[in-house]
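A quick write-up on the structure given underneath.
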Amino acid sequence: MSYRAPVEEVAFFLKTCTALPLLMEQGLVDLSFDVVDPVLEEAGKFAASVIAPLDKVSDKQGCTLKDGGVTTPEGWRAAYEAWAAAGWSSVAAEEEFGGQHLPTSVTSALTEFWNSASPAFGIGGVLTMGAIEALTAHGSPELQQTYLTKMVAGTWTGTMNLTESQAGSDLAALRAKAVKQADGTYRVFGTKIFISYGEHDIAENIVHLVLARLPDAPAGTRGISLFLVPKILVNGDGSLGARNDVVCAGIEHKLGLHGSPTCTMVFGEKGEGAIGYLVGEENRGLACMFTMMNNARLAVGIQGVAVAERATQRAFAYAKDRRQGKAPGFEGSAPIIAHPDVKRMLLTMRAETDAARAICLKTADALDRAHRLPDPSARAAALAEASLLTPVAKAFSTDIGIEVASTGVQVHGGMGYVEETGAAQHMRDARIFAIYEGTNGIQAIDLVTRKLPQEGGDVVSAVIADYRDIAAEVAALNSPDFGHTGVRLAETVDALARATRKMLDWLPSDQAKALAGATPYLRLFARAAGGAYLAKVALAAYAERAAGGTDPRLAARIALARFFAENLATEAKGLEESVTSGANGVLEAEAVLAVA
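Below you can see the structure in the form of structure tokens.
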């Protein structure tokens, strides 16, 4: 089954539900949709024709390690070189380093296309873009001049080296060390695990960003510094020199993403240490790395959307072709898409996927406003909104990637459980997204303890008010096409408002209760956000149809928002009860834990 990038859906959302048209009109983005539309179209074609055909091959072949070098699957290097040569590696970077500086909302759509075609391929570009951003924000002019042009061009790739065996999500427990040298460089020692694309054969050099401690560093996260450690050292004239003391000691045998090498990296194995260069200030490395991690979290959320989109397309195609059982209007066996329960599964897959995409694109839109609006207070407000939405985008979208892929297996029936159809691969690939770049439990904690209290709760209150306005606008139409959308969405938003108030009340004095309810709270937030954003799309479609538009996708957008509100957002009341009344059931369950 071939992949088709959802170019029309993305373009419609960007035009009707983001600030991008306004930013263009005001000259804050030097683009028009006459440029953006063809970019999306060409990216979709590249993803479908060059990357997607390699996805199943890479899943079967995987990567191999020999003498410290990793060989990627057949066709991987050629596809990457074509991707970089076409300029796709440079879409997000600053123009002074050879980048195109496209809006985040646009580059996020491109990220979805690459990862729908193959998430094992797409994650490599995501990491390099993140490393580029970290160096752009925190690197010295010398480091920027030496490394950024090559990374932006795709000639060199980038990695993020955080995790150690004794320190998973607890960065305070990191042991990797760095020793300053007389010439201003550092010698880096330590072992990092789970490093995506830590070693490979698709580019001529790899630029590792490594968290490590100086000998006199303070304890905890305040004593972490960030270092740039190249695989191959760079000579003064920019040419490649000697191999640095960095080696891949092993690659993981994983549930999914077989085409992406996940490496154990050893720095300083020969004894003298790997040569590294400080990024930012000593003992301030975590702040630098979070520049990379925050956007990586949005990108991982988009990976969840990407796999959900691919699984949904595959399930729809199979359900239209597979015939079984009787249904009204069909002679003999009917296609299973005609059966109400299969229809319900397919609608759920499509609605969840589109809601997750909308949350991610609205997060990206907030980042665009934070970076490009001229008024400092407006930029600060947009950044606070992006900060609030990021953990929701990451956690909800990656959960949806897993759930939608699992439903896709169910639609295929027994054929979904075997590898032949490809449905099982999507489920395997999707499972890691809820784990890496901060587990989804950590995202929920971040949302509740750090993001809700922003400006005394005013940021989240403003977002909830926006959702309530959308629900009111739908209700005011009183259109039969929307069914009970306005009422159900208003109920969902009200549930979110009450749960938010409870969380804010708990945080100062009873944080354990807030933490116990953090995950269902995040899900409740996503139900309100996803429902509101789909309704906003539907309102734009309704207006276009009222003006004479005849595209059948307009009616489909309205119907999908209605399905989400009437069938999925109805979870809100139960989620609210879990948040506000379920904490003691978690905190007082020691009897269960004692006998487990």
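This note's numbering applies: residue 796 is where the sequence shown begins, and numbers increase by one.
Every residue, glycine too, gets a C-beta built ideally from N, C-alpha and C.
For clarity, every value in this text was computed on a predicted model and none was experimentally measured.
Next item on the list: Let me know if Gln821 comes out buried or exposed under the rule of 16 or more other beta-carbons within 10 Å of its beta-carbon.
Entry: exposed
Note to self: Taking CB distances under 8 Å as the criterion, tell me whether Leu826 reaches chain D.
What the structure shows: This model lacks chain D altogether, as it is built from one protein chain only.
Item checked: DSSP bridge partner residues for Glu959 (one or two, in chain order) -> Ala962
Checklist line | Cα-Cα separation, Arg1105 to Ser911 | finding: 6 Å
Check: Can the beta-carbon of Ala1463 be found less than 8 Å from the beta-carbon of Asn1039?
Finding: No answer is possible for residue 1463: the residues shown for the chain start at 796 and end at 1391.
Margin query: Less than 8 Å between the C-beta atoms of Val1288 and Arg1318, yes or no?
Written below: no
Next item on the list: Mind checking which residues open and close the beta strand (DSSP E) that includes Ile1046?
Entry: 1041-1046
Check: How is Cys812 classed by DSSP in three states: helix, strand or coil?
Finding: helix
Item checked: Best match in Gly993, Ala842, Ala1012 for proximity to Val1005 [C-alpha to C-alpha] -> Gly993
Next item on the list: Use the C-beta contact count for Gln961: other C-beta atoms within 10 angstroms, 16 or more gives buried, fewer gives exposed.
Entry: exposed
Next item on the list: Answer with buried or exposed for Leu1388, where buried requires no fewer than 16 other C-beta atoms within 10 angstroms of its C-beta.
Entry: exposed
Next item on the list: Identify which residue in Trp909, Ala1307, Met1210 has its Cα closest to the Cα of Thr1375.
Entry: Ala1307
Margin query: Can you check which of these residues, Glu1064, Lys1121, Asp1149, Gly917, is closest to Gly1054 by C-alpha distance?
Written below: Gly917
Check: Sorted by chain position, which residues of the same chain lie with C-beta nearer than 6 Å to Thr902's C-beta, five sequence neighbours on each side aside?
Finding: Val886, Ala887
Notebook entry, point to check: Based on the DSSP output, what are the partners of Val1029 in its beta bridges?
Noted result: Leu1035
Check: Opposite Met1060 in the DSSP bridges: which residues?
Finding: Lys987, Cys1043
Checklist line | Buried versus exposed call for Ala814 [16 or more other C-beta atoms within 10 Å across all chains shown] | finding: buried
Item checked: Collapsed DSSP secondary structure at Asn1000 in the structure displayed -> strand
Checklist line | Same chain, Cβ closer than 8 Å to Ser964, five either side skipped, listed in chain order | finding: Gly1233, Thr1234, Ile1237
Checklist line | Contacts around Pro816, its chain only, beta-carbon distance under 7 Å, and the 5 residues preceding and following it disregarded | finding: Lys810
Next item on the list: Classify Val1149 as buried or exposed, calling it buried when 16 or more other Cβ atoms lie within 10 Å of its own Cβ.
Entry: Per the sequence presented here, residue 1149 reads as Asp, with Val not at that position. Asp1149 should be labelled buried.
Note to self: For Gly1075 and Leu1023, which I take to be in contact (beta-carbon distance under 8 Å), what is that distance rounded to the nearest angstrom?
What the structure shows: Not quite, the Cβ-Cβ distance comes to about 10 Å (not below 8 Å), so this is no contact.
Note to self: Please report the distance separating the alpha-carbon of Leu1052 from that of Glu999.
What the structure shows: 22 Å
Check: Could you check where the alpha helix (DSSP H) with Ala1323 kicks off and where it finishes?
Finding: 1313-1341
Check: At which residue ranges does the stretch 847-894 contain complete alpha helix (DSSP H) runs of 4 or more residues, listed in the order of the chain?
Finding: 850-856, 871-880
Next item on the list: Within its chain, find whatever has a CB closer than 8 Å to the CB of Asp1116; leave out the 5 residues flanking it on each side and keep chain order.
Entry: Pro1130
Item checked: Exposed unless 16 or more other CB atoms sit within 10 angstroms - verdict on Leu1050 -> exposed
Check: According to the neighbour-count rule (16 or more other Cβ atoms, all chains shown, within 10 Å of its Cβ), is Asn1379 buried or exposed?
Finding: exposed
Note to self: Just verifying my parser: in three-state terms, what is the DSSP assignment at Ala800?
What the structure shows: coil
Next item on the list: May I ask you to list the residues that DSSP assigns as paired with Tyr981?
Entry: Lys975, Gly1071
Next item on the list: Would you mind working out which of Glu1147, Glu907, Gly1120, Glu1126 sits nearest His1134, comparing C-alpha positions?
Entry: Gly1120
Notebook entry, point to check: Taking just the CA atoms, how far does Val805 sit from Glu907?
Noted result: 10 Å
Margin query: From the DSSP secondary-structure annotation, give me the bridge partner or partners of Phe1022.
Written below: Val1005, Leu1073
Margin query: Within a Cβ cutoff of 8 Å, which residues of the same chain sit near Tyr875, ignoring the five residues on either side of it in sequence?
Written below: Phe916, Gly919, Gly949, Ile997, Ala998
Margin query: My assumption, with CB atoms under 8 Å, is that Ala1356 sits in contact with Val1332. Please give the rounded CB distance.
Written below: 7 Å
Next item on the list: Determine the contact status of Val1042 and Glu1077, defining contact as a CB-CB distance below 8 Å.
Entry: no
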